[in-house]
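Reviewing the structure listed below.
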Amino acid sequence: MTEGDGESAPRNASNYWDTLAPHHWRIEDNYLDVSSLRRILGDIREPVLIIGAGQGLIVEELRRQGLRCDGIDLSARMLEYARSRRGLTLVRANATSMPFIDGSYETVIFATGVIDFMAELQDIETVMREANRIVSGTGNVFVAFYRFSAAQERFLTSLGLLREDTLHMRSALALHRLGFGAMVAWVAKMARISTFQAVLLCIGTGLGSTKQERAIALAMRRLIAQSGDPEAFIEAAPETQPYRDKSAITHLLDSLSMRIEDWQASSSCYLVRVSGRDTLHTPCSDGGDVSRT
């Protein structure tokens with residue numbers, strides 16, 4: 040994740056997740072959702088660790104499936120809600136230095152919002168090295184990357200909000216504050232098209248988006264409106280974050296000399312399985328507070 044308003048990017052992200060925590064129930068079954076998780080159930084062996092567990096949706100689902108599962112997150116508020124909503128006691132920890140002995144887990148899963156929110160290769164290498172330390176020699180590491188539909192990608196690209204593998208997150212969130220008329224005017228201005236073309240673009244994007252994307256968009260509109268201070272809520276978000284398609288994900292993992300064992304693509308995320316004991320290239324120093332939180 041790139042830096043936004045002068046704060047370090049991971050700290051900025053942590054502030055956002057803390058701010059989001061009271062409202063997270065509206066949108067948590069998204070990107071790495073329960074439906075996507077079920078695609079890899081056959082490859083999951085216990086014990087399992089979820090990195091970036093949030094309020095425990097995935098931990099709860101795996102336990103429901105009869106698997107021993109733990110979770111970590113850097114956001115204290117997310118962990119408070121995991122306890123109050125689900126009765127889960129998760130661990131507050133940084134993904135760069137986890138409080139587990141070597142080989143503690145058979146499966147490690149990075150939720151969306153961890154690796155896929157990180158821009159610096161050195162930071163990604165640090166957390167992947169740590170994951171490889173705590174997974175057993177025969178275990179699996181899964182990395183989740185969030186995914187937009189083609190319609191959403193085209194819409195965001197046409198507005199300049201998605202370019203060069205970077206999502207301008209604050210501006211994208213601000214769209215949820217606009218009524219249809221104001222959004223059409225803004226789209227026409229940013230895409231440099233007529234009002235009629237902007238109407239068609241907005242309607243076409245809605246029709247081409249997935250049912251889940253439409254539901255999340257509606258939830259985000261309500262969430263921001265009911266946050267108490269919509270402007271502060273949006274400002275708490277990172278200014279930008281990476282967005283990687285399949286080609287960019289492959290390039291990233293190649294850069295880390297990591298072997299891709301399998302791909303699973305749902306409508307909302309990519310799940311990539313890499314060898315748990317793959318050797319990363321040159322050592323690097325810790326990258327600071329890096330976690331999905």
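In this note's numbering, the protein residues as written are 40 to 332. For every residue, glycine included, the Cβ atom is placed at its ideal position computed from N, Cα and C.
Taking only three categories from DSSP, how would you classify residue i?
i, result
"Phe149", "strand"
"Glu99", "helix"
"Gln280", "strand"
"Glu85", "coil"
"Gly142", "coil"
"Ala183", "strand"
"Ser296", "coil"
"Cys323", "Interpretation of Cys323 is limited by its pLDDT of 42, a score under 50 that renders its predicted location unreliable; the figure taken from the coordinates is listed afterwards. DSSP places Cys323 in coil when its eight states are reduced to three."
"Ile242", "helix"
"Asp301", "strand"
"Thr165", "helix"
"Thr318", "Only weak support is given to the placement of Thr318: the predicted model assigns it a pLDDT of 48, under 50, and the question is left unresolved by the model."
"Thr205", "strand"
"Gly176", "strand"
Compute the distance between the beta-carbons of residue i and residue j, then report whether it is under 9 Å.
i, j, result
"Gly93", "His63", "yes"
"Phe8", "Cys241", "Residue coverage of the chain in this structure runs from 40 to 332, which leaves residue 8 outside it and unanswerable."
"Ser210", "Leu217", "no"
"Thr146", "Leu88", "yes"
"Arg312", "Ile79", "yes"
"Ala158", "Gly247", "no"
"Leu101", "Cys108", "yes"
"Leu96", "Trp56", "no"
"Ile163", "Leu291", "yes"
Considering Cα atoms alone, identify which of the options is closest to residue i.
i, options, result
"Ala60", "Cys308, Thr289, Ala276", "Ala276"
"Ser197", "Ser294, Trp225, Thr177", "Trp225"
What residues match up with residue i in a beta bridge as DSSP calls it?
i, result
"Ser136", "Asn133"
"Ile111", "Ile90, Val130"
"Leu310", "Ala183, Gln303"
*On the three-pair Cβ rule with 8 Å, is the region 70-86 touching the region 171-186?*
yes
Practice problem: Decide yes or no for the touch test of the region 186-198 against the region 301-308: beta carbon pairs closer than 8 Å, at least 3 of them. | Solution: yes
Segment contact, 8 Å Cβ cut-off, at least three pairs: the region 156-175 with the region 228-242:
no
**Report entry** Inter-stretch contact at 8 Å, needing at least 3 Cβ pairs: the region 149-165 / the region 277-293
**Finding:** yes
Can you confirm whether the region 127-135 touches the region 253-270 when touching is taken to mean that 3 or more C-beta pairs between the two stretches lie within less than 8 Å? no
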